[in-house]
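Chains as they are written, first to last, in the working numbering: chain A, 1 to 199; chain B, 1 to 437. Glycine residues also receive a C-beta, built at the ideal position from the N, C-alpha and C atoms. Predicted model, so just to flag it, every value in this text is computed and none were measured. Notes follow the structure.
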């Protein structure tokens, strides 16, 4: 970053202090597979989280069963006009990842590929992805994000609604308070790993 | 061009203590570098412009008061000029004179006492001239040369017309164990690939590597299916790559064959540092895995699979690191044996450390963490002892480019340079290192 200011430095130090506190945290992939191995993704976004450019932030997270395998938190390239649109863009990004992971999993297990499930917490975004509606509020959305319509249509991905409280992707879109952060962190499989816990 | 000096340092080869700092001006015309009037050599020595007459090759003037001495050009001078050369007058200087006893600009000359010299072997020497003073580094260089020779990496040829051989350089590394004790001295011969130009010296450089998501998917799958995950490493992997391009390099510093000084080495196999090397290695590995019956996956180019009687063998490739997993332990062993026949491998056993991630294959869970990377990051930013906090960022804080807070004082040490590392804490490996892991 060019010309960092004192408040940016303070944020970095805060971040490093968090790293210091979570040095021994890591991902836990449990051995016992609970039921079927399913790819489940979560996509979420905030709204205009960037103060300078007013872009939103995409957060997405994929699980294989209970194991988190792929995640991303990224500022969106375009400015979204509504929450629905921001969520739609996030879902489209997650969709690309989901389709790829699904294929890869099929390759690794030599089984028939099953459509990954993508959890979205915005009903209008889901509706937009499922129906090729074209109206004033959505006609400007860049064509590439309509990739998700194709995937939903072709059965390559399934969209499901999840209420915001159970949206695990939330942790990747904005700074959270201590209580919610800790709760979500445990839910996504990040735990403190004690030395020699397994031996 | 200046780097020629290293090639000059020990033309006789062999002896660890032969004079590295050859007598200045001791007649080394073959090492003179052509420099255009505005060339870098001259500016590097802070000469005042126009000291010598701009007439074409100026003879040395040992008697003159000028601190800069010019030498007679070597006979091959006219063929060694850059493609950009447009006829300006050339002047020549002996490399010994250029790099001789002077310390680099901005650094005071320092005389090491005996104790310091002795301690020096625990650190990497900066140059060949420094390394050849120590037996441990000579041993390391001989070891590397033996590997290169055994590989039949090159052949000695007369330089074809218009050929500009790429300089070679020794890079030294002290390998330590977890407790920080010196385990071994390693010397690596690298080519100065930065002089290569795209389209002329090489075409394609892209080589696929495993994505992190793929590795975690593999581990998650292995966890649920109770597969064993093994880790293999190809020693000096890049040296196995086969070059399709014609590449000529100079003879390595310290190993120049007497009476053959003018000849160059035509590379058959790759050397570290060349731009096309990662790709050459990947092609070689791809062919080798194909010959073992493994098929590359179309969705992930770093993934190779093979069906066996019992099940499926999965191989993931990250440059020279291979992770292999299978339903059958026997299949893993067979794979290892076959790979050992083709490459010099080190078998690292069960996966414990991969791309900066500490993996633990426990009985009831596979765990992944980056504790040592986090530790290093904190240490580097001087925050090793800091008070821990519970959240990565305050909840309501909004950072902006238009912040009115005072600028960060760049002269004060602080952790800001670590921002990038902290953000990329999920991918902790520097790629392209000649050291592998």
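At a beta-carbon threshold of 7 Å, the residues of chain A lying near residue 214 (chain B) are 104, ordered along the chain. Not one beta carbon of chain B lies nearer than 8 Å to the beta carbon of residue 79 (chain A). Identification of chain A residues near residue 383 (chain B) by a Cβ-Cβ cut-off of 9 Å yields 13, 16, 17, 19 and 20, ordered along the chain.
Using a 10 angstroms sphere on the CB of residue 238 (chain B), the tally of other CB atoms reaches 16 or more, which defines it as buried. Residue 181 (chain B) and residue 353 (chain B) have their C-alpha atoms spaced approximately 19 Å apart. In this structure residue 368 (chain B) is in contact with residue 359 (chain B), their Cβ atoms being roughly 6 Å apart against a cut-off of 8 Å. For residue 67 (chain A), a Cβ of chain B is located within less than 8 Å of the residue's own Cβ.
Shown here, residue 39 (chain A) sits in a strand according to DSSP, grouped into three states. Taken in chain order, the members of the segment 347–371 of chain B whose beta-carbon sits within less than 9 Å of a beta-carbon on chain A are 357, 358, 360, 361, 362, 363, 364, 365, 366, 367, 368, 369, 370 and 371. Residue pairing by DSSP places residue 26 (chain A) opposite A:191 and B:369 in a beta bridge. One finds nothing in chain B with a Cβ atom closer than 7 Å to the Cβ of residue 121 (chain A); even the nearest lies about 19 Å away. When secondary structure is reduced to three states using DSSP, residue 158 (chain A) falls in the strand class. Distance from the CA of residue 176 (chain B) to the CA of residue 405 (chain B), rounded to the nearest whole angstrom, comes to 44 Å. Legend: CB atoms of the segment 88–116 of chain A lying less than 9 Å from CB atoms of chain B belong to residues 97, 100, 101, 103, 104, 105, 106, 107, 108, 109 and 110.
Think of a sphere of 9 Å around the beta carbon of residue 152 (chain A): no beta carbon from chain B falls inside it, the nearest being about 20 Å out.
Secondary structure of residue 299 (chain B) (DSSP, three-state): coil. Interface flag for residue 145 (chain A) against chain B is unset, since no Cβ pair is found closer than 8 Å.
Short of 8 Å from the beta carbon of residue 192 (chain B), and not among the five residues preceding or following it, lie these beta carbons of its own chain, in chain order: 3, 166, 167, 168, 169 and 273. The three-state secondary structure of residue 89 (chain B), taken from DSSP, is coil. In this structure residue 240 (chain B) is buried. Its beta-carbon is surrounded by 16 or more other beta-carbon atoms within 10 angstroms.
If you draw a straight line from the Cα of residue 45 (chain A) to the Cα of residue 246 (chain B), it is about 52 Å long. DSSP, read as helix, strand or coil, puts residue 281 (chain B) in helix.
Within chain A, 17, 20 and 21 have C-beta atoms less than 9 Å from the C-beta of residue 387 (chain B), given in sequence order. Using a CB distance below 7 Å, the part of the segment 287–301 of chain B facing chain A consists of 297, 299 and 300, ordered along the chain.
Using beta-carbon distances, residue 408 (chain B) counts as an interface residue toward chain A, with a partner under 8 Å. Proximity of chain B to residue 30 (chain A) at the Cβ level (cut-off 9 Å) is accounted for by 223, 224, 364, 365 and 366, in chain order. Residue 389 (chain B) sits close to residue 17 (chain A), with the two beta carbons spaced by under 8 Å. Taking C-beta atoms as the reference points, residue 118 (chain A) and residue 94 (chain A) count as a pair closer than 8 Å. Using beta-carbon distances, residue 27 (chain A) counts as an interface residue toward chain B, with a partner under 8 Å. In the three-state scheme derived from DSSP, where H, G and I count as helix and E and B as strand, residue 88 (chain A) is classed as helix.
When rounded, the separation of the alpha-carbon atoms in residue 126 (chain A) and residue 39 (chain A) is 18 Å. Around the Cβ of residue 132 (chain A), a 10 Å sphere holds fewer than 16 other Cβ atoms; the residue is exposed. Counted as a single uninterrupted DSSP element, the stretch harbouring residue 316 (chain B) is not any alpha helix (DSSP H) but the beta strand (DSSP E) occupying residues 312–318. Runs of the beta strand (DSSP E) spanning 3 or more residues and lying entirely within the segment 184–243 of chain B occur at 228–234, in chain order. With contacts defined as CB atoms closer than 8 Å, residue 408 (chain B) and residue 4 (chain A) qualify as a contacting pair. Among the residues facing chain A, residue 375 (chain B) is included, as its CB has a counterpart in that chain under 8 Å away.
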